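There are 2 protein chains.
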Amino acid sequence: MERSVFYISDGTAITAEVLGHAVLSQFPVKATIFSLPFVETEGRARGVCQQINDIYEKTGVRPLVFYSIIAADVRQIINSSEGFCQDIVQALVGPLQNELGVDPMPVANRTHGLTESNLGKYDARIAAIDYTLAHDDGISLRNLDQAQVILLGVSRCGKTPTSLYLAMQFGVRAANYPFTADDMDNIQLPAALKPFQHKLFGLTINPERLAAIREERRENSRYASLRQCRMEVAEVEALYRKNQIHYLNSTNYSVEEISTKILDSFGMSRRLF
Amino acid sequence: MERSVFYISDGTAITAEVLGHAVLSQFPVKATIFSLPFVETEGRARGVCQQINDIYEKTGVRPLVFYSIIAADVRQIINSSEGFCQDIVQALVGPLQNELGVDPMPVANRTHGLTESNLGKYDARIAAIDYTLAHDDGISLRNLDQAQVILLGVSRCGKTPTSLYLAMQFGVRAANYPFTADDMDNIQLPAALKPFQHKLFGLTINPERLAAIREERRENSRYASLRQCRMEVAEVEALYRKNQIHYLNSTNYSVEEISTKILDSFGMSRRLF
Numbered sequence: 011m012e013r014s015v016f017y018i019s020d021g022t023a024i025t026a027e028v029l030g031h032a033v034l035s036q037f038p039v040k041a042t043i044f045s046l047p048f049v050e051t052e053g054r055a056r057g058v059c060q061q062i063n064d065i066y067e068k069t070g071v072r073p074l075v076f077y078s079i080i081a082a083d084v085r086q087i088i089n090s091s092e093g094f095c096q097d098i099v100q101a102l103v104g105p106l107q108n109e110l111g112v113d114p115m116p117v118a119n120r121t122h123g124l125t126e127s128n129l130g131k132y133d134a135r136i137a138a139i140d141y142t143l144a145h146d147d148g149i150s151l152r153n154l155d156q157a158q159v160i161l162l163g164v165s166r167c168g169k170t171p172t173s174l175y176l177a178m179q180f181g182v183r184a185a186n187y188p189f190t191a192d193d194m195d196n197i198q199l200p201a202a203l204k205p206f207q208h209k210l211f212g213l214t215i216n217p218e219r220l221a222a223i224r225e226e227r228r229e230n231s232r233y234a235s236l237r238q239c240r241m242e243v244a245e246v247e248a249l250y251r252k253n254q255i256h257y258l259n260s261t262n263y264s265v266e267e268i269s270t271k272i273l274d275s276f277g278m279s280r281r282l283f
Numbered sequence: 011m012e013r014s015v016f017y018i019s020d021g022t023a024i025t026a027e028v029l030g031h032a033v034l035s036q037f038p039v040k041a042t043i044f045s046l047p048f049v050e051t052e053g054r055a056r057g058v059c060q061q062i063n064d065i066y067e068k069t070g071v072r073p074l075v076f077y078s079i080i081a082a083d084v085r086q087i088i089n090s091s092e093g094f095c096q097d098i099v100q101a102l103v104g105p106l107q108n109e110l111g112v113d114p115m116p117v118a119n120r121t122h123g124l125t126e127s128n129l130g131k132y133d134a135r136i137a138a139i140d141y142t143l144a145h146d147d148g149i150s151l152r153n154l155d156q157a158q159v160i161l162l163g164v165s166r167c168g169k170t171p172t173s174l175y176l177a178m179q180f181g182v183r184a185a186n187y188p189f190t191a192d193d194m195d196n197i198q199l200p201a202a203l204k205p206f207q208h209k210l211f212g213l214t215i216n217p218e219r220l221a222a223i224r225e226e227r228r229e230n231s232r233y234a235s236l237r238q239c240r241m242e243v244a245e246v247e248a249l250y251r252k253n254q255i256h257y258l259n260s261t262n263y264s265v266e267e268i269s270t271k272i273l274d275s276f277g278m279s280r281r282l283f
């Protein structure tokens, strides 16, 4: 079943995308996606409306439209299109209005925006990204007291993307430290990390997947050989167990899932950006 | 008006957080947030239910609960709590079921998960992060033909967080190049960038905000002085105009907004991760 799907917003359209994707994943739909952010004016809305109608006319199949727009006149133009239109936020605003006993104040749709009230939090997020970059891949072992999480693992097991996601999405200062081939003969926890045992979290990965990832980097190398990958993974897992470091096999998880599991494991509360 | 707010999911709870936040932002609620991911078992659900009920009993105010859980038995436990419970996905599933004429197949709630069908896309995302890190801050001007976007700007105007967000959220390979104080006497587009004019995008920023950000880094430095910031900003803006490079003032925008505006400006379609 094929459908054109529109995500439309007066903001970034990220919320519409995320929710629309969650809803659509329950149906056997092959979607052609149109993400249309910053639909803020009647003029742009009319253009979008035309685009929706054109597809309907050409294909005979109604496009699905998930939207979130505050201004009533802009919203109505989208809603008047031939698409199957769903206001993603409004469905929940009504019931909440009853519960809270106050009217909604839809002043501006800036879920992912920068406002005076969240500027401090935003600066903290940028600072977390700076910190994480400066402490990626063991570049610096200084100021680890300022880290909130220190990830461990072999090369290419997902440390860097996970650290960056923790910083970007959750404002967490995440350092990471790699174990290399040279560490394997006598693997141990570096002295610089020992004082921060309570912040350590290990990543591991299936050797077969690791070998495939490394092969992309350095074809036919010892580094990418299954034998080497098996050995490194076995060594770091033994180290995690010996030092009672919580660890996770990243093979079947996205960075979102890995990051969430790490924060969950530390019982850390999350900040929303 | 103060309320405890629960975001509960059998996955990362990121969707529940994003949507709940969008809905709540329309009401004057001071929220105390509890994000509870991976609520997958009846046991954990009962614990969460108890937590909700305890808060209600203690405060006399019903917690707000935004949830997304596939397994009916787990969902019912949450729904049986004393909280004001809203299934964030279900509100849209019903209408869509009518439109599509097929039943939903809620097999697993992994909006932010890694599945066989999205593994290739996921690998491309990780590759984009790798590329972006390797081309951050002008580190490397090689392989710029592989960049999809090349950001320009003075130090601390938002190039790095924006590049990383483009890679992380949208799978875009984003290089970035800084103009430094030394470039200012005779500012021009580096020869290495000229062949890629169509990929260039400039960032600029209000000198006052730039000075404040730089002051955090190097107190009382020339680098952080308002005079220096004004001069650098004026020079790069003149360069953008002279070379007909699209540019954006990042001062009042989040990385989500800046990234979205950049893709929009290039007419690039977005990929969802």
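Sequences listed follow chains A and B, in order. Residue numbers for the first sequence follow my numbering, beginning at 11 and rising by one. Residue numbers for the second sequence follow my numbering, beginning at 11 and rising by one. Beta carbons are placed, not taken as given, at the ideal position from N, Cα and C, and that holds for glycine. The structure displayed is predicted, hence computed values, not measured ones.
How many whole angstroms separate the CB atoms of residue i and residue j, which I take to be in contact at a CB cut-off of 8 Å?
{"i": "residue 213 (chain A)", "j": "residue 260 (chain A)", "result": "5 Å"}
{"i": "residue 197 (chain A)", "j": "residue 246 (chain A)", "result": "7 Å"}
{"i": "residue 92 (chain B)", "j": "residue 66 (chain B)", "result": "4 Å"}
{"i": "residue 88 (chain B)", "j": "residue 58 (chain B)", "result": "6 Å"}
{"i": "residue 176 (chain B)", "j": "residue 269 (chain B)", "result": "5 Å"}
{"i": "residue 49 (chain A)", "j": "residue 30 (chain A)", "result": "Incorrect: roughly 15 Å between the Cβ atoms, too far for contact."}
{"i": "residue 36 (chain B)", "j": "residue 103 (chain A)", "result": "6 Å"}
Quick check: the Cα distance between residue i and residue j, rounded to an integer number of angstroms?
{"i": "residue 219 (chain A)", "j": "residue 144 (chain B)", "result": "23 Å"}
{"i": "residue 115 (chain A)", "j": "residue 40 (chain B)", "result": "14 Å"}
{"i": "residue 161 (chain B)", "j": "residue 149 (chain A)", "result": "25 Å"}
{"i": "residue 276 (chain A)", "j": "residue 208 (chain A)", "result": "9 Å"}
{"i": "residue 201 (chain B)", "j": "residue 71 (chain A)", "result": "50 Å"}
{"i": "residue 180 (chain A)", "j": "residue 280 (chain A)", "result": "6 Å"}
{"i": "residue 76 (chain B)", "j": "residue 240 (chain B)", "result": "46 Å"}
{"i": "residue 194 (chain A)", "j": "residue 53 (chain B)", "result": "41 Å"}
{"i": "residue 183 (chain B)", "j": "residue 90 (chain B)", "result": "46 Å"}
{"i": "residue 173 (chain B)", "j": "residue 156 (chain A)", "result": "24 Å"}
{"i": "residue 271 (chain B)", "j": "residue 215 (chain B)", "result": "15 Å"}
{"i": "residue 69 (chain A)", "j": "residue 230 (chain A)", "result": "49 Å"}
{"i": "residue 258 (chain A)", "j": "residue 42 (chain B)", "result": "29 Å"}
{"i": "residue 252 (chain B)", "j": "residue 278 (chain A)", "result": "49 Å"}
{"i": "residue 154 (chain B)", "j": "residue 151 (chain A)", "result": "31 Å"}
{"i": "residue 137 (chain A)", "j": "residue 78 (chain B)", "result": "32 Å"}
{"i": "residue 256 (chain A)", "j": "residue 250 (chain A)", "result": "7 Å"}
{"i": "residue 273 (chain B)", "j": "residue 205 (chain B)", "result": "20 Å"}
{"i": "residue 142 (chain A)", "j": "residue 111 (chain B)", "result": "48 Å"}
{"i": "residue 222 (chain A)", "j": "residue 228 (chain A)", "result": "10 Å"}
{"i": "residue 244 (chain B)", "j": "residue 185 (chain A)", "result": "36 Å"}
{"i": "residue 135 (chain A)", "j": "residue 63 (chain B)", "result": "33 Å"}
{"i": "residue 267 (chain B)", "j": "residue 82 (chain B)", "result": "37 Å"}
{"i": "residue 61 (chain A)", "j": "residue 105 (chain B)", "result": "23 Å"}
With distance defined between alpha-carbon atoms, name the residue in the options nearest to residue i.
{"i": "residue 146 (chain B)", "options": "B:132, B:168, B:128 and B:115", "result": "B:168"}
{"i": "residue 163 (chain A)", "options": "A:47, A:187 and A:32", "result": "A:187"}
{"i": "residue 130 (chain B)", "options": "A:262, A:47 and A:230", "result": "A:262"}
{"i": "residue 107 (chain B)", "options": "A:157, A:34, A:45 and A:77", "result": "A:34"}
{"i": "residue 17 (chain B)", "options": "B:232, B:52, B:54 and B:96", "result": "B:96"}
{"i": "residue 51 (chain A)", "options": "A:269, A:207, A:80 and A:122", "result": "A:80"}
{"i": "residue 23 (chain A)", "options": "A:171, A:42, A:31 and A:46", "result": "A:46"}
{"i": "residue 2 (chain A)", "options": "A:158, A:238 and A:217", "result": "Examination of residue 2 (chain A) is not possible in this model, given that chain A is present from 11 through 283 alone."}
{"i": "residue 101 (chain B)", "options": "A:133, A:137, A:32 and A:153", "result": "A:32"}
{"i": "residue 226 (chain A)", "options": "A:255, A:184 and A:166", "result": "A:166"}
{"i": "residue 190 (chain A)", "options": "A:232, A:210, A:216 and A:222", "result": "A:232"}
{"i": "residue 11 (chain A)", "options": "A:74, A:112, A:56 and A:60", "result": "A:74"}
{"i": "residue 122 (chain A)", "options": "A:258, A:271 and A:20", "result": "A:20"}
{"i": "residue 203 (chain B)", "options": "B:61, B:158, B:140 and B:83", "result": "B:158"}
{"i": "residue 284 (chain A)", "options": "A:171, A:254, A:223 and A:243", "result": "With chain A running from 11 to 283 in the structure shown, residue 284 (chain A) is simply not present."}
{"i": "residue 171 (chain B)", "options": "A:170, A:185 and A:140", "result": "A:140"}
{"i": "residue 224 (chain B)", "options": "A:133, A:273 and A:63", "result": "A:133"}
{"i": "residue 84 (chain B)", "options": "B:62, B:55 and B:60", "result": "B:55"}
{"i": "residue 109 (chain B)", "options": "A:13, A:25, A:62 and A:113", "result": "A:13"}
Which residues, in order along the region 137-158 of chain B, keep a beta-carbon less than 9 Å from a beta-carbon of chain A? 137, 139, 140, 143 and 146
Taking only runs that begin and end inside the region 171-237 of chain B, name each unbroken beta strand (DSSP E) of 3 or more residues, in chain order. 184-189 and 210-214
Listed in chain order, which residues of the region 32-51 of chain A have Cβ atoms closer than 9 Å to some Cβ of chain B? 32, 33, 34, 35, 36, 37, 38, 39, 43, 44, 45, 46, 47 and 48
Output the residue ranges of the beta strand (DSSP E) runs that lie fully inside the region 78-114 of chain B and measure 3 residues or longer, sorted by chain position. 94-97
Of the residues that make up the region 76-103 of chain A, which ones have a beta carbon closer than 8 Å to any beta carbon in chain B? 76, 78, 94, 96, 98, 99, 101, 102 and 103
Listed in chain order, which residues of the region 262-282 of chain B have Cβ atoms closer than 9 Å to some Cβ of chain A? 262, 263, 264, 265, 266, 267, 269, 270, 271, 273, 274, 279, 280, 281 and 282
Which residues of the region 15-27 of chain B have a Cβ closer than 8 Å to any Cβ of chain A? Give them in chain order. 21, 22, 23, 24, 25 and 27
Which ranges would you report for the alpha helix (DSSP H) in the region 131-171 of chain B if only whole runs of at least 4 residues count? none
For the region 202-221 of chain B, enumerate the residues whose C-beta is nearer than 9 Å to any C-beta of chain A, in chain order. none
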